[in-house]
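Asker: Residue numbers (the UniProt record's numbering): 1 to 168. Cβ coordinates follow ideal geometry from the N, Cα and C atoms, glycine included.
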Amino acid sequence: MNYLDIEEKKLVPVVLELNVLLADYNLYYQKLRGFHWNVLGKNFFDLHVKFEELYNEAKVKIDEIAERILTLQHHPASQFREYIKLASVEEIAPLMKDTEMIEELLGDHKKILKQMKTILRHADEAGDEGTIDLIGAYIRELEKSSWMLNAWSKSTSDHLDTSLINQS
Numbered sequence: 001m002n003y004l005d006i007e008e009k010k011l012v013p014v015v016l017e018l019n020v021l022l023a024d025y026n027l028y029y030q031k032l033r034g035f036h037w038n039v040l041g042k043n044f045f046d047l048h049v050k051f052e053e054l055y056n057e058a059k060v061k062i063d064e065i066a067e068r069i070l071t072l073q074h075h076p077a078s079q080f081r082e083y084i085k086l087a088s089v090e091e092i093a094p095l096m097k098d099t100e101m102i103e104e105l106l107g108d109h110k111k112i113l114k115q116m117k118t119i120l121r122h123a124d125e126a127g128d129e130g131t132i133d134l135i136g137a138y139i140r141e142l143e144k145s146s147w148m149l150n151a152w153s154k155s156t157s158d159h160l161d162t163s164l165i166n167q168s
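1. Taking only the alpha-carbon atoms, compute the straight-line gap between Asp24 and Glu57 and give it to the nearest angstrom.
2. Excluding five sequence neighbours on each side, which residues of the same chain lie with their C-beta closer than 6 angstroms to the C-beta of Gly41?
3. Specify the secondary structure class of Gly130 as computed by DSSP and reduced to three states.
4. Within the same chain, show all residues whose beta-carbon is closer than 7 angstroms to that of Leu149, passing over the 5 residues directly before and after it, in chain order.
5. If you draw a straight line from the alpha carbon of Tyr29 to that of Ile119, how long is it in whole angstroms?
6. What three-state label does DSSP hand Glu90 in the structure shown?
7. Using only CA atoms, which one of Glu90, Lys10, Leu18 and Trp152 lies nearest to Asp46?
8. I believe Leu72 touches Val14 by the beta-carbon criterion, under 8 angstroms. Please report the beta-carbon distance rounded to the nearest angstrom.
9. Can you name, in chain order, every residue of its own chain whose Cβ lies under 7 angstroms from the Cβ of Leu134, other than the five neighbours on each side?
10. DSSP on Leu96, reduced to helix/strand/coil?
11. Using a Cβ-Cβ cutoff of less than 7 angstroms, which residues in the same chain neighbour Asp161 once the five nearest sequence positions on both sides are dropped?
12. What is the residue span of the alpha helix (DSSP H) that Thr156 lies within?
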């Protein structure tokens with residue numbers, strides 16, 4: 001039964017790209033776990049908690065993405081060998097400085113956001129409002145996490161662009 005009222009051939013690119021996002025999130029999740037376990041230094045307490053928060057959010061998204069693929073009447077990728085083959089997020093050793101961890105995550109965010117925009121384009125072409133809604137919320141959340149990680153990596157003397165505000 002086609003309860004979606006969307007042509008199957010239009011859904012194929014959406015499902016393929018959702019599987020790439022699923023792979024990206026699985027590798028991102030594991031990277032966050034590794035960072036959570038291995039972070040050292042003066043920022044340990046802040047980053048240990050933040051990495052746990054981020055991997056818990058990623059775990060929820062992994063399930064939601066897989067369930068969206070199932071809703072679109074396809075099976076999601078579910079083996080790590082598939083994830084490694086599909087993902088743009090790369091597996092790395094977690095033994096690095098805290099600042100390098102944040103830089104790595106921001107790079108992953110950029111890759112994941114790019115993948116989400118690809119999905120949006122295909123979902124729009126298919127008329128797949130459910131996927132558009134899901135991914136749109138993910139974009140907003142990941143952009144906010146990126147802003148926070150980027151702010152953490154700045155010096156207290158750094159400033160954002162002030163050209164659009166009235167300065168007295």
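Answerer: In short:
1. 14 angstroms
2. By the criterion of a C-beta distance shorter than 6 angstroms, Gly41 is surrounded in its chain by Asp98, once the five residues flanking it on both sides are discounted.
3. DSSP places Gly130 in helix when its eight states are reduced to three.
4. Ile102, Leu105 and Leu106
5. 20 angstroms
6. It is coil, neither helix nor strand.
7. Cα-wise, what sits closest to Asp46 is Trp152.
8. Confirmed, Cβ separation roughly 7 angstroms.
9. Glu64 and Arg68
10. Checking the sequence shown, residue 96 turns out to be Met, not Leu. If DSSP states are grouped into helix, strand and coil, Met96 belongs with coil.
11. Around Asp161: no qualifying Cβ.
12. Bounds of any alpha helix (DSSP H) do not take in Thr156, whose DSSP letter is neither H nor E.
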